[in-house]
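Per this note's numbering, the very first residue in the sequence shown carries number 6; after that it's consecutive. Positions of the beta carbon are idealized from the N, C-alpha and C atoms, including for glycine. Report on the following structure.
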Amino acid sequence: MHYVCPVCGGVSETAKNCGTEGCSLQGQPLVECACEDNSHEPVKTNKGN
Ligand SMILES: [Zn+2]
Ligand SMILES: [Zn+2]
6 MHYVCPVCGG
16 VSETAKNCGT
26 EGCSLQGQPL
36 VECACEDNSH
46 EPVKTNKGN
């Protein structure tokens with residue numbers, strides 16, 4: 006399990022808030038992701054429409 010920001014694509018091994026300056030999710034918790042190929046698809050497919 007790892008944590009991904011769906012906006013800026015930041016990845017962390019531990020739960021934390023996005024710290025990317027200018028990211029619209031800065032200060033918001035990263036999203037849990039369980040992909041095994043680094044595609045982060047369960048998270049990134051949630052982005053937009
Ligand atoms: Zn971010
Ligand atoms: Zn992932």
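Own chain, CB closer than 7 angstroms to C38, minus 5 neighbours either side, in chain order:
Cβ within range, chain order: H7, Y8, V9, H45, P47 and V48.
Using the three-state DSSP reduction, which class does V12 fall into: helix, strand or coil?
Secondary structure of V12 (DSSP, three-state): coil.
Enumerate in chain order the residues of its own chain whose CB-to-CB distance from G53 is below 8 angstroms, with the five nearest sequence positions on each side excluded.
Residue placement at G53 is flagged as unreliable, the pLDDT there being 48, under the threshold of 50; the coordinate-derived value follows with that caveat. Once the five neighbours on either side are set aside, G53 has no close Cβ partner at all.
Looking only at its chain, what residues have a beta carbon closer than 7 angstroms to the beta carbon of C28, apart from the 5 residues adjacent to it on each side?
C10, V12 and C13
With DSSP run on the structure shown, which of helix, strand or coil describes E46?
helix
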